[in-house]
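Take a look at the structure set out below.
Residue numbers (the working numbering): 4 to 297.
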């Protein structure tokens, strides 16, 4: 039913972008252009509002796909196509521009990869990493007609990552991988869930400055994801949960290579988050408080 799907998708795109307070019309256009049907697989589907049990749709009417809800890819493992409203907010925050190169960690079946490709445009490039063999196979098939996407069926925590303008991570981590920070070009944005498995953390955006060890950083919202392989730490997760319980809105920078001072909000191994600003202007992101389990 392509005519009905088009109608649902147009309203869906308008609604979630309005909820995300997105100001770039290209974002709404990207959600309107990318059909979820191919990435969801055949219906009926299992959907959830996040933190609640899955509900199975009565049939395969595409109307059920165009909800602001989690869509299960593997319900036994809790792997989903993430909450569209949350992703719309995060994508608005990192502001992918036409012609930019993007690295996505955790492509799943490729839905948000396709959204990123729409935002980067015909002169951009998206490198999508997916470590799960089954999901990577589905993503490869789903994305085969998008010439600007290169799917890599392996971990996105590696020393040979391409240099890019944006890194968009869809798996929770106890720390930013050094490889991600090193792959960012000056002015580049890393958006990742500082949220180890089982922890309600936050989606952190870090911007690489031209020079210096203090990088502008801020949380876009709270977030919870499945864990990113190789970046889990139970003790760090416990300390992060305590830090978030005391507030998180004051974080303004990520520091590397120096000792934490009295402005430290959370310290990891060789890095820490500070409530003091970096030496360059931060990127303004409209506030948003939706629940964001993805």
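For every residue, glycine included, the Cβ atom is placed at its ideal position computed from N, Cα and C.
Exposure of residue i, with buried meaning 16 or more beta-carbon neighbours within 10 Å
| i | result |
| --- | --- |
| residue 133 | buried |
| residue 261 | exposed |
| residue 161 | exposed |
| residue 247 | buried |
| residue 249 | exposed |
| residue 147 | exposed |
| residue 36 | exposed |
| residue 241 | exposed |
| residue 135 | buried |
| residue 159 | buried |
| residue 190 | exposed |
| residue 127 | buried |
| residue 150 | exposed |
| residue 219 | buried |
| residue 21 | exposed |
| residue 211 | buried |
| residue 137 | exposed |
Of the residues the options, the one placed nearest residue i, counting alpha carbons only
| i | options | result |
| --- | --- | --- |
| residue 139 | 248, 230, 149 and 112 | 112 |
| residue 178 | 25, 74, 272 and 72 | 272 |
| residue 87 | 65, 18, 131 and 44 | 18 |
| residue 91 | 118, 101 and 205 | 118 |
| residue 59 | 254, 71, 182 and 75 | 75 |
| residue 84 | 93, 68 and 96 | 68 |
| residue 72 | 15, 185 and 6 | 15 |
| residue 55 | 223, 180 and 81 | 81 |
| residue 263 | 251, 277 and 172 | 277 |
| residue 186 | 51, 209, 282 and 20 | 209 |
| residue 167 | 145, 100, 224 and 220 | 100 |
| residue 221 | 152, 251, 213 and 231 | 251 |
| residue 196 | 171, 211 and 52 | 171 |
| residue 201 | 143, 142, 228 and 207 | 228 |
| residue 176 | 212, 152 and 237 | 237 |
| residue 199 | 243, 169, 211 and 213 | 243 |
| residue 30 | 97, 144, 206 and 258 | 97 |
| residue 259 | 51, 184, 10 and 145 | 184 |
| residue 95 | 265, 239 and 23 | 23 |
| residue 43 | 57, 142 and 10 | 142 |
Reduced DSSP category for residue i - H, G, I as helix; E, B as strand; rest coil
| i | result |
| --- | --- |
| residue 70 | coil |
| residue 211 | coil |
| residue 176 | strand |
| residue 19 | helix |
| residue 28 | helix |
| residue 187 | strand |
| residue 93 | helix |
| residue 303 | A question about residue 303 goes unanswered here, because the residues of the chain that appear run from 4 up to 297. |
| residue 41 | helix |
| residue 219 | strand |
| residue 34 | helix |
| residue 87 | helix |
| residue 195 | strand |
| residue 7 | helix |
| residue 75 | strand |
| residue 12 | helix |
| residue 293 | With a pLDDT of 45 at residue 293, under the threshold of 50, the predicted position of this residue should be treated as unreliable, though the coordinate-derived value follows. Residue 293 falls in the coil class under three-state DSSP. |
Residue i vs residue j beta-carbon contact at 8 angstroms
| i | j | result |
| --- | --- | --- |
| residue 188 | residue 114 | no |
| residue 157 | residue 130 | no |
| residue 174 | residue 109 | yes |
| residue 164 | residue 182 | yes |
| residue 47 | residue 27 | no |
| residue 33 | residue 122 | yes |
| residue 234 | residue 180 | yes |
| residue 268 | residue 253 | yes |
| residue 281 | residue 217 | yes |
| residue 78 | residue 104 | no |
| residue 7 | residue 45 | no |
| residue 116 | residue 152 | yes |
| residue 205 | residue 192 | no |
| residue 232 | residue 145 | no |
Near the ligand NAD: residue i beta-carbon under 7 angstroms from a heavy atom
| i | result |
| --- | --- |
| residue 161 | Here there are no bound small molecules, and the ligand NAD is not part of this structure. |
Any chain B beta carbon closer than 8 angstroms to residue i
| i | result |
| --- | --- |
| residue 277 | No chain B appears in this structure, which consists of one protein chain only. |
Original post:
Which residue spans inside the segment 102-163 form an unbroken beta strand (DSSP E) run of at least 3?
Top reply: For the beta strand (DSSP E) assignment, the uninterrupted runs of no fewer than 3 residues enclosed by the segment 102-163 are, from N- to C-terminal side, 104-108, 128-132 and 152-155.
**OP:** Could I get the ranges of all uninterrupted alpha helix (DSSP H) runs contained in the segment 236-271, with 4 residues as the minimum, in chain order?
**Re:** Listed in chain order, the complete alpha helix (DSSP H) runs (minimum 4 residues) inside the segment 236-271 are 237-248.
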